[in-house]
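Trainee: In terms of the working numbering, the sequence shown opens at residue 2 and continues consecutively. Heads up, the beta-carbon is just placed ideally off N, CA and C, and yes, glycines get one too.
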Amino acid sequence: MADNNDDDVAAALSGSGGKAAMVAFDAAPFPYHGMIPGDPEADTDDAPFLDTRDGDRRGHTSSRGGIYWEDETYSDRRTLLYIPAGFDLKRPAAIVVFFHGNQATLARDVIDRQQVSRQLAESSLNAVLVAPQFAVDALDSSAGGFWQDGAFLRYLREAALHLARLQGGGASRNDFARLPVILVAYSGGYLPAAYSLQVGGAGKRIRGVVLLDAIYDETEKFAGWIADHQSSAFFFSAFTASSADGNGALQDLLMNQGIMFFTESRPCLDKGDVVFLDTGESAVHADFVSHAWVDDPLTWVFDRIAGFPRGGGGACKP
Numbered sequence: 002m003a004d005n006n007d008d009d010v011a012a013a014l015s016g017s018g019g020k021a022a023m024v025a026f027d028a029a030p031f032p033y034h035g036m037i038p039g040d041p042e043a044d045t046d047d048a049p050f051l052d053t054r055d056g057d058r059r060g061h062t063s064s065r066g067g068i069y070w071e072d073e074t075y076s077d078r079r080t081l082l083y084i085p086a087g088f089d090l091k092r093p094a095a096i097v098v099f100f101h102g103n104q105a106t107l108a109r110d111v112i113d114r115q116q117v118s119r120q121l122a123e124s125s126l127n128a129v130l131v132a133p134q135f136a137v138d139a140l141d142s143s144a145g146g147f148w149q150d151g152a153f154l155r156y157l158r159e160a161a162l163h164l165a166r167l168q169g170g171g172a173s174r175n176d177f178a179r180l181p182v183i184l185v186a187y188s189g190g191y192l193p194a195a196y197s198l199q200v201g202g203a204g205k206r207i208r209g210v211v212l213l214d215a216i217y218d219e220t221e222k223f224a225g226w227i228a229d230h231q232s233s234a235f236f237f238s239a240f241t242a243s244s245a246d247g248n249g250a251l252q253d254l255l256m257n258q259g260i261m262f263f264t265e266s267r268p269c270l271d272k273g274d275v276v277f278l279d280t281g282e283s284a285v286h287a288d289f290v291s292h293a294w295v296d297d298p299l300t301w302v303f304d305r306i307a308g309f310p311r312g313g314g315g316a317c318k319p
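(1) Distance check for His286 and His292, CA to CA, integer angstroms please.
(2) Less than 8 Å between the beta carbons of His163 and Phe135, yes or no?
(3) For the candidate residues Phe277, Ala144, Val290 and Leu270, whose alpha-carbon lies nearest to that of Asp322?
(4) Measure how close the beta-carbons of Ser232 and Gly273 come, nearest whole angstrom, since I'm counting them as under 8 Å.
(5) Just how far apart, CA to CA, sit Arg114 and Ser283?
(6) Assuming Arg79 and Met23 are in contact, meaning their beta carbons sit under 8 Å apart, how far apart are those beta carbons, in whole angstroms?
(7) Compare the beta carbon distance of Asp138 and Ala105 with 8 Å and say whether it is the shorter of the two.
(8) Between Ser197, Trp148 and Leu299, which lies nearest to Gly39 when the distance is taken from Cα to Cα?
(9) Could you tell me the distance, in whole angstroms, from the CA atom of Leu154 to the CA atom of Val97?
(10) Compare the beta carbon distance of Lys20 and Ile112 with 8 Å and say whether it is the shorter of the two.
(11) Classify Lys222 as buried or exposed, calling it buried when 16 or more other Cβ atoms lie within 10 Å of its own Cβ.
(12) Mapping the DSSP letters down to three states, classify Ile112 as helix, strand or coil.
(13) Which residues mark the beginning and the end of the beta strand (DSSP E) in which Pro133 is found?
(14) On the criterion of 16 or more Cβ atoms from any shown chain inside 10 Å, does Val325 qualify as buried, or is it exposed?
(15) Using a Cβ-Cβ cut-off of 8 Å, state whether Arg119 counts as contacting chain D.
(16) Val210 by DSSP, collapsed to three states: which one?
(17) On a CA-only basis, which of Phe50, Phe99 and Gly67 is nearest Leu81? Give me that one, please.
(18) Taking Arg311 and Asn103 to be in contact with their CB atoms under 8 Å, please state how far apart those CB atoms are, rounded to whole angstroms.
(19) Does the distance from the CB of Phe240 to the CB of Asp214 come in under 8 Å?
(20) So, with DSSP's three-state summary, where would you put Gly145?
(21) Please return the same chain residues whose Cβ sits closer than 6 Å to the Cβ of Ala156, not counting the five positions on each side in sequence.
(22) Ignore the nearest five residues each way along the sequence and tell me which others in Pro30's own chain have a CB closer than 7 Å to its CB.
(23) Would you report the Cα separation of Phe50 and Asp246, rounded to the nearest angstrom?
(24) Can you list, in chain order, the residues of its chain with a C-beta nearer than 7 Å to that of Ala172? Leave out the 5 residues immediately preceding and following it.
(25) Going by Cα to Cα distance, which pick from Glu265, Gly189, Asp271 and Gly67 is closest to Trp294?
(26) Between the beta-carbon of Phe263 and the beta-carbon of Val275, is there less than 8 Å?
(27) My output table needs one value for Ile260: the three-state DSSP class, helix, strand or coil.
(28) Please go through the same chain and pick out, in chain order, the residues whose beta-carbon is closer than 6 Å to the beta-carbon of Gly151, but skip the five residues on each side of it.
(29) Identify every run of the beta strand (DSSP E) within the stretch 168-235, keeping only runs that are complete inside it and at least 3 residues long; order them along the chain.
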């Protein structure tokens, strides 16, 4: 699926009976002309994100990918919006926000390869999908605008407006602005996820966090969020050997704080649940969103989220 034809993307997803659009957001994570937050513990100061020039072009030096230019890699404001067939605003509902990993585009990877929209549609979760484009097809986990205080909340507010327009039928911005959020991050999506949780401003509106082989750093931010939201949200992290060290470090932090967690799958994910799932040697990091401990792992997770049933299906029943 070509990334440069938004109408084709929307038409392909809408063919399943749902509604879809690719929309340029004002509150998108990129372009970003601000600073990279420093790390006081590592004694590093804030640094400009765009740190190199070639004539009129500005670029960012990625630690893994080298120099990426803003016009090619950090200028896509689009977000994928998807409302599955059967979504019902009159029932308890949620917004799934998906942060893709490195070397990804919305059409080629989030839709076609990872099948995120299809997995949501085939689950029992009464939810819509919102997926922003981060660095385009790059070895870079930069959070861009989501490094900034309150940026994630501003993004959610704009998403509510666009979702209402896509839904139609008299739906209002407030209908979506009140919905709880399930934040899902894969691989390099951990960095914008960590900052969205720590400084994003969404507070208790975030009802759950799902990390798919995604804890490579920022464990203190995740631990702090878990400690502050034990009564209002769940946390689920599934991982391969690729992120096992980060998951172990986060477990150590939680144990030091006396926070209980599970290390096996649960029939339901509800407020207060903290779950770490080691998927063993058979799961492959590159395929983890679509083929992990089970095929369609997102559908597996969505079916277990309590409180937002679209129908009678799913593993978690009241």
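Mentor: A quick look at the data gives this:
(1) 9 Å
(2) no
(3) The structure shown does not extend to residue 322, since the chain is modelled only from 2 through 319, so no value can be given for it.
(4) 6 Å
(5) 19 Å
(6) 5 Å
(7) yes
(8) Trp148
(9) 14 Å
(10) no
(11) buried
(12) helix
(13) Ala128 to Pro133
(14) Past the edges of the chain, shown from 2 to 319, lies residue 325, and the structure says nothing about it.
(15) Protein chain content of the structure displayed is limited to a single chain, and chain D is not contained in it.
(16) strand
(17) Phe99
(18) With a Cβ gap of about 32 Å, Arg311 and Asn103 do not count as contacting.
(19) yes
(20) helix
(21) In the sequence as displayed, the identity of residue 156 is Tyr instead of Ala. Ala28, listed in sequence order.
(22) Pro133, Phe135, Ala144, Gly145, Gly146, Phe147 and Pro193
(23) 28 Å
(24) Leu90 and Ala165
(25) Glu265
(26) yes
(27) coil
(28) Gly202
(29) 182-187 and 207-213
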